[in-house]
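Encoded as structure tokens, the structure appears first; notes follow it.
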Amino acid sequence: MSDTCKALRGQLLYFVDDPAQAGEAAWRYHADGILWLEQGHVRLADDADKVLPQLPADLEVEHYAHHLLIPGFVDTHIHYPQTEMVAAYGTQLLEWLETYTFPVESKFADETYGREIAARFIDELLRNGTTTALVFGTVHPQSVDAFFEEAKQRRLRMIAGKVMMDRNAPDYLCDTPEQGYRDSKALIERWHGVDRLQYAVTPRFAPTSSNAQLDYAGQLLREHPGVYLHTHLAENTSECTWVAELFPESSHYLDVYDRAGLLSRRSVFAHGIHLCDDACDRLSESGSAIAHCPTSNLFLGSGLFPLDRLSEKGVKVGIGTDIGGGTSFSILQTLADAYKIQQLRGHKLDPFRALYLATLGGARALDLEQRIGSFLPGREADLIALDLHATPFLKFRTAHCKTLFETLFVLNTLGDDRVIDTTWVLGEVAHRRDA
Ligand code: GUN
Ligand code: ZN
9 MSDTCKALRG
19 QLLYFVDDPA
29 QAGEAAWRYH
39 ADGILWLEQG
49 HVRLADDADK
59 VLPQLPADLE
69 VEHYAHHLLI
79 PGFVDTHIHY
89 PQTEMVAAYG
99 TQLLEWLETY
109 TFPVESKFAD
119 ETYGREIAAR
129 FIDELLRNGT
139 TTALVFGTVH
149 PQSVDAFFEE
159 AKQRRLRMIA
169 GKVMMDRNAP
179 DYLCDTPEQG
189 YRDSKALIER
199 WHGVDRLQYA
209 VTPRFAPTSS
219 NAQLDYAGQL
229 LREHPGVYLH
239 THLAENTSEC
249 TWVAELFPES
259 SHYLDVYDRA
269 GLLSRRSVFA
279 HGIHLCDDAC
289 DRLSESGSAI
299 AHCPTSNLFL
309 GSGLFPLDRL
319 SEKGVKVGIG
329 TDIGGGTSFS
339 ILQTLADAYK
349 IQQLRGHKLD
359 PFRALYLATL
369 GGARALDLEQ
379 RIGSFLPGRE
389 ADLIALDLHA
399 TPFLKFRTAH
409 CKTLFETLFV
419 LNTLGDDRVI
429 DTTWVLGEVA
439 HRRDA
């Protein structure tokens, strides 16, 4: 049996609920814990003195002496084709799309190029401790083939889709309502449910889709229960004004998507900064999620996300890097910016809630709570070891922490890719920092 087993010893932390609702009952922490894995899944996570007597006698225990073992990060919104354009100077959303994004995305007509970037992108996710992501492709179906082929080879749990975009974009990046429908359908049939891969119907955002295309997106969701809906929502004030002009019949931005039947517990809307109360209520009632992308919101000058308001309404929220509007693949860096955004709004984001959002909260936003995001028995063993001694300064600073709260806050604020010592996918090492 021990061939398929692993035992990792260190500090263990995972969430079983949202700290904003459940308080201290939301997390499980074992200062000296063992994570017992079997056939790529969690068998048991508990105090070492409880697990040790149960382990097979021949099973070697791997020690992570100054590390924190947590579930892999979940990135609920990211664009793999924008990997090469992170940190593009001087513009806000609509001009940024025209100036930088569309020209770069045109390169993905070439599937070989797509494969090259997909491999680099996934390397970068794993180096940063992200094991599941909800991913935009480009309008080209082959961009999604390239991504899924790479993710399949690495045995990752990933969700992705081809962009649907039939207007207000350069001709070389536009499909038509019918072509977008047919290409998306073929990709769903090819990829949805293959190994750990799932498909997301991906209209870019309301301004670049006609009503006819949004209706086709709704038709795809009805014809293929279980596929996701992934798009952008209310990120930038000029964008919101434009949507109101383009869709005068809709009562607010989210209503454009609602009328097309795009709201469900498998719908994820990136940003959602500028929303009215009715929109928040519809997100909540429909079980839809918001992907909060703090580094992107700061970089593109989009606005300050009202986390408290959405949480009070019961809207599910996950964390997204939004590469390449976002500036870091690191979910820890992203949490550091999330904290600062809430500071500017006069609110606090405590480190337990932050780490919840990046793990179980992300899994819930993606309707994957039964599979990933915690160390409950039976969960898929995607996890990371965070090294509290990753840099001389981090070692010094964490030595001065008196509580777990403080240590986690220091990690959230100072941590980046250097902290990710090891990333495991289905119980196998997928990245070692020092290899
Ligand atoms: N809205 C429409 N397309 C995009 C995109 O590529 N990035 C971001 N951040 N917002 C968008
Ligand atoms: Zn985005």
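Remember, the numbering used here sits 8 above the position in the sequence shown when you count from 1. Every residue gets a Cβ at the ideal spot worked out from N, C-alpha and C, and that includes glycine.
Based on Cα-Cα distance, which residue from the options lies nearest to residue i?
i	options	result
H148	R190, A127 and L164	R190
V69	A30, W35, L101 and G18	G18
C248	R405, A287, Y88 and T431	A287
P385	W44, D424 and L343	W44
E314	Q62, A362 and H355	According to the sequence as given, residue 314 is Pro; it is not Glu. Ranking the options by Cα distance to P314, first place goes to H355.
L228	V202, L205, N244 and E197	E197
Y108	E92, D118, S382 and A117	E92
T99	V325, S246 and A168	S246
D54	T12, A242, A366 and F383	F383
G201	K348, L241 and L164	L164
S319	T342, N305, A208 and Q350	Q350
T329	V94, S304 and L312	S304
D390	V433, Q47, D375 and E243	V433
R267	R273, E106 and F255	F255
G369	P27, C13 and T12	P27
P185	P178, A194, D179 and M173	M173
G414	L363, H87 and R441	Note that residue 414 corresponds to Glu in the displayed sequence, not to Gly. The shortest C-alpha separation from E414 is found at L363.
R135	S336, V325 and E119	S336
P302	I86, L76, H38 and F401	I86
F23	T12, C13 and H38	H38
L67	K410, C13 and N176	C13
Q47	S217, G435 and D442	G435
V264	I298, P233 and Q221	Q221
K115	F129, R379 and Q150	Q150
State the DSSP-derived secondary structure class of residue i, mapped to helix, strand or coil.
i	result
D395	strand
G234	coil
Q513	The structure shown has nothing for residue 513, since the chain only spans 9 to 443.
C13	strand
S319	helix
D54	strand
F144	strand
Y364	helix
L308	coil
E158	helix
V94	coil
F116	helix
F255	coil
R165	strand
P185	helix
R441	coil
L76	strand
S338	coil
K324	strand
R190	helix
F129	helix
R175	coil
Is the beta carbon of residue i less than 8 Å from the beta carbon of residue j?
i	j	result
L21	I78	yes
S192	K170	yes
A154	G122	yes
H300	A346	yes
L308	G332	no
Y261	V251	yes
A371	V50	no
V143	A117	no
V427	A398	yes
T431	T139	yes
V112	P89	yes
R290	L237	no
F110	P211	no
S292	L271	no
H282	A344	no
H71	L396	no
With 8 Å set as the bound, which would you pick, yes or no: does the beta-carbon of residue i sit closer than that to a beta-carbon of chain D?
i	result
D390	Given the protein chain composition of this structure (a single chain), no chain D is represented.
Query raised in the report: Does the segment 421 to 428 touch the segment 27 to 47, meaning 3 or more C-beta pairs lie closer than 8 Å?
Result: No, they do not touch.
**Report entry** Contact shell at 6 Å, judged by CB to any heavy atom of the ligand ZN, ordered along the chain
**Finding:** Working through the chain, the matches are H85, H87, H240, A278, D330 and G333.
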